[in-house]
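Down below is the structure, laid out as structure tokens.
Residue numbers (this note's numbering): 10 to 167.
Structure representation (structure tokens):
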């Protein structure tokens, strides 16, 4: 009976050590799961920004195509350099910039296509679309797309 009374304190100390160890493991697991959650949220925000930009680029191309003869795709480099022509706000907080890739009025052959047609040249334009995303918009993502607008050569009839 005397040995049992002396061992009561040891059981209490052992139980306390086990509780501290289990608590430490639980805190570590909770900490790592919150980091995983932050990583997942950041990846999701970037994916949403990429999808937004791809959709915005497609919208800009469609709208420019529907403008017919007023399309920025038909403008020369000098015309596009004017501020009101090359920079415009997009939807959902995106910024769009168009830049002509032709060197002045020089006519460029179109990128390869299935059937080449003599007298057809291309006006090459670059669309740069940017969006800020994330907490307090501290990240910036840009998509750059090149567009080749086919046109009849001015010198083809000469």
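Ideal Cβ positions, reconstructed from N, Cα and C, are used throughout, including at glycine.
Subject >> Buried or exposed by the 16-neighbour rule on C-beta atoms within 10 Å, applied to residue 61 >> reply: As a first step, residue 61 must be located in the chain shown, where it is residue number 52. The residue is buried, with at least 16 neighbouring Cβ atoms inside 10 Å.
Subject >> Rounded C-alpha distance that separates residue 161 from residue 110 >> reply: Stepping through the chain shown from its first residue, residue 161 is reached at position 152. Stepping through the chain shown from its first residue, residue 110 is reached at position 101. Spanning the two alpha carbons is a distance of roughly 18 Å.
Subject >> C-beta contact flag for residue 119 and residue 159 at 8 Å >> reply: Position 110 of the chain shown holds residue 119. Position 150 of the chain shown holds residue 159. Contact flag set, yes.
Original post:
Unbroken alpha helix (DSSP H) runs of length 4 or more, entirely within the stretch 41-84: which are they?
Top reply: For the stretch 41-84, not a single whole alpha helix (DSSP H) run of length 4 or above is found.
Original post:
What's the gap between the Cα of residue 174 and the Cα of residue 81?
Top reply: Since the first residue shown for the chain is 10 and the last is 167, residue 174 is missing from the structure and cannot be characterised.
**OP:** Could you pull the start and end residues of the alpha helix (DSSP H) that residue 89 belongs to?
**Re:** Working through the chain shown from its first residue, we reach residue 89 at position 80. Element bounds for residue 89: 86-90.
**OP:** Give the single residue among 143, 157 and 106 whose Cα lies nearest to the Cα of residue 131.
**Re:** Within the chain shown, numbered from 1, the residue matching residue 131 stands at position 122. For residue 131, the nearest C-alpha among the options comes from 157.
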